[in-house]
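Colleague:
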Amino acid sequence: MKISEKISPAISIKGLTKRFGKTVAVDNVDLEINEGEIFGLIGPNGAGKSTIMKTISTLLNPSQGKVEILGKDLSKNKPSLRKVISLVSDYSVLENDLTPYENLKLFSLASNIEDSDKKINEFFHSFGLEKYKNKLTKNLSSGNKQKLNIARALLKSPKILLLDEPTNAIDVESSRFIRRYILNENIKNGTTIVITSHYLWEVEQLATSVGIIIDGKIVIKDNIENIYKRFDSIINIYELTFEEKDHEKILTYLKDLSDVLAIKPVSKEKLIIDSKDSTFTMNNFKVSIRKLRPTLEDIYSYIISTPNQ
Ligand SMILES: Nc1ncnc2c1ncn2[C@@H]1O[C@H](COP(=O)(O)OP(=O)(O)OP(=O)(O)O)[C@@H](O)[C@H]1O
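First residue of the sequence shown: 1, per UniProt numbering; consecutive thereafter.
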């Protein structure tokens, strides 16, 4: 693609508001997510993340505003757009009394997926679920149910994949597998992915762009590198390295500094501190100081605790 070519948005949301009675779950949200992007939508409980995901996937209608998917008005093209959008939320969409194979087959038939047996077998193989293929779904572990749920969502090779907390309550290895699979899907097929998660390190690993939503309003959205750059000069995280013999004295000194918000001991010779001020002094202590780039979690906590910044 030529650099001058404009990347078209896969998802374009303008003035989206969703009310449930008196509750304004989503409040006048504008959002553009480009084709092939992995967009991380993060925010506290009840901020409106799932409501946005359900609206994009046609499960909910907006109270106001417009959603366009791949240049088409969602409200006027629901049946055709449903074919290219998959939502993964919890795995309650699976039929517990069917086997994993029957679940995927049923979904393939309902979605008119061609060559489904070949695809289903490939999924069982790549998700490591072959031995559970003909057991009852209700007896699968949470991690395997979620893998099955993701396989179900990927069967129709969606152009837009919506993942609402895909690794919630899933063990480390299964979560890692799911993240790798998602990344691969994005790289191999250019799938546009929107992911919500309370595990910010997960969003950090996957997302190319991030939006933070609080009380139904998007307060920040940008490319993740721009977000890091913007907050690098505002959030002061330092790694202090010193001689082991000074450990206790330095710790006591830091605890008394009012600007030091948090201290994380790393070893007897190393501490990480979060400071309000970038110009704190270490008196006469022999300390080497290195500024660290804030993590997405540092940035998120800063934004949540500093409204209107
Ligand atoms: N079907 C519904 N009926 C009434 N209120 C709802 C409904 N769905 C969501 N809400 C409300 O809308 C607001 C946003 O909820 P939503 O589930 O979108 O938040 P969320 O950011 O996904 O939260 P969480 O991180 O806890 O999953 C909340 O106040 C919630 O109680």
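Each residue gets a CB set at the ideal place from its N, CA and C atoms; glycine is no exception. Computed from a predicted structure; not experimentally measured.
Look at the Cβ atom of S209, then the Cβ atom of E165, and state whether they are nearer than 7 Å.
Modeller: As a first step, residue 209 is located in the sequence shown; it is residue number 209 there, counting from the start. As a first step, residue 165 is located in the sequence shown; it is residue number 165 there, counting from the start. No. Outside cutoff.
Colleague: Measuring CB to CB, does V67 end up less than 7 Å from G216?
Modeller: Locating residue 67 in the sequence shown gives position 67, where the first residue counts as 1. Locating residue 216 in the sequence shown gives position 216, where the first residue counts as 1. No, the Cβ-Cβ distance between V67 and G216 is not below 7 Å.
Colleague: List in chain order: all unbroken beta strand (DSSP E) runs of 3+ residues lying wholly within the stretch 158-212.
Modeller: Fully enclosed beta strand (DSSP E) runs of 3 or longer: 160-164, 192-196.
Colleague: Under a three-way DSSP split, which group does K217 fall into?
Modeller: Stepping through the sequence shown from its first residue, residue 217 is reached at position 217. In the structure shown, K217 sits in a strand (DSSP, three-state: E or B).
Colleague: Looking at the unbroken beta strand (DSSP E) that takes in D117, where does it start and where does it end?
Modeller: Looking up residue 117 in the sequence shown gives position 117. Counting along the chain, D117 falls outside any beta strand (DSSP E), though it belongs to the alpha helix (DSSP H) covering 116-126.
Colleague: Could you give the DSSP three-state label for S4: helix, strand or coil?
Modeller: Residue numbering aside, residue 4 sits at position 4 when the sequence shown is read from its first letter. In this predicted model, S4 has a pLDDT of only 47, less than 50, meaning its place in the structure is not dependable; the value taken from the coordinates is given anyway. Coil, per DSSP.
Colleague: Might you give, ordered along the chain, the residues of its own chain that have their beta carbon closer than 8 Å to the beta carbon of S300, omitting 5 neighbours on each side?
Modeller: For the purposes of this step, residue 300 is taken as residue 300 along the sequence shown, with counting starting at 1. It should be noted that the sequence gives Tyr, not Ser, for residue 300. I42, L200, I212.
Colleague: Considering only their Cβ atoms, is the gap separating A151 from F177 smaller than 7 Å?
Modeller: Against the sequence shown, residue 177 aligns to sequence position 177. Against the sequence shown, residue 151 aligns to sequence position 151. Contact: no.
Colleague: According to the neighbour-count rule (16 or more other Cβ atoms, all chains shown, within 10 Å of its Cβ), is A47 buried or exposed?
Modeller: Along the sequence shown, one-based indexing puts residue 47 at 47. The residue in question, A47, is buried, as its Cβ has 16 or more Cβ neighbours within 10 Å.
Colleague: Exposed or buried, what is K2 when buried is set at 16 or more other beta-carbons lying within 10 Å of its beta-carbon?
Modeller: As a position in the sequence shown, residue 2 is number 2, starting the count at 1. Low per-residue confidence applies at K2: pLDDT is 47, beneath 50, and the placement is therefore not dependable, though the value from the model is reported in the following sentence. Exposed, because fewer than 16 other Cβ atoms sit within 10 Å of the Cβ of K2.
Colleague: Per DSSP, which one or two residues make a beta bridge with S12?
Modeller: Along the sequence shown, read from residue 1 onward, the residue named residue 12 stands at position 12. Paired residue(s): E32, E68.
Colleague: Please state whether the Cβ-Cβ distance between N34 and G15 is less than 7 Å.
Modeller: Position 34 of the sequence shown, counting from 1, holds the residue named residue 34. Position 15 of the sequence shown, counting from 1, holds the residue named residue 15. No, the pair does not count as a contact, with Cβ atoms beyond the cut-off.
Colleague: Taking the Cβ atom as the reference point for each residue, do V84 and A153 lie within a distance shorter than 7 Å?
Modeller: Here residue 84 corresponds to residue number 84 of the sequence shown, with the count starting at 1. Here residue 153 corresponds to residue number 153 of the sequence shown, with the count starting at 1. Not in contact: V84 and A153 (Cβ atoms no closer than 7 Å).
Colleague: So, with DSSP's three-state summary, where would you put A151?
Modeller: Here residue 151 is taken as the residue at index 151 of the sequence shown, counted from 1. Helix, per DSSP.
Colleague: Does DSSP put I52 in a helix, a strand or coil?
Modeller: Stepping through the sequence shown from its first residue, residue 52 is reached at position 52. Here I52 sits in helix by DSSP.
Colleague: For G143, which three-state DSSP category applies?
Modeller: Taking the first residue of the sequence shown as 1, we reach residue 143 at position 143. Of the three classes helix, strand and coil, the one that applies to G143 here is helix, per DSSP.
Colleague: Quick one: is the Cβ of G48 within less than 6 Å of any heavy atom of ligand 1?
Modeller: Residue mapping note: residue 48 aligns to position 48 of the sequence shown, counting from 1. Result yes, Cβ under 6 Å from ligand 1.
Colleague: For I237, which residues does DSSP report across the bridge?
Modeller: Taking the first residue of the sequence shown as 1, we reach residue 237 at position 237. In the DSSP output, where bridge partners are listed per residue, I237 has D274, L292.
Colleague: Is there contact here, the stretch 222-233 with the stretch 63-79, by at least three beta-carbon pairs under 8 Å?
Modeller: Counting Cβ pairs under 8 Å, fewer than three are found: no touch.
Colleague: Going by DSSP, what residue range makes up the beta strand (DSSP E) through P265?
Modeller: Numbered from its first residue, the sequence shown carries residue 265 at position 265. Per DSSP, P265 belongs to the beta strand (DSSP E) from 260-267.
Colleague: What distance in whole Å lies between the Cβ atoms of P294 and I224, which are believed to be in contact at a cut-off of 8 Å?
Modeller: Locating residue 224 in the sequence shown gives position 224, counting from the first residue. Locating residue 294 in the sequence shown gives position 294, counting from the first residue. So it is not a contact: roughly 12 Å between Cβ atoms.
Colleague: Strictly by DSSP, which residues pair up with D73?
Modeller: Counting from 1 along the sequence shown, the entry for residue 73 is found at position 73. According to DSSP, which records beta bridges pairwise, D73 is partnered with E68.
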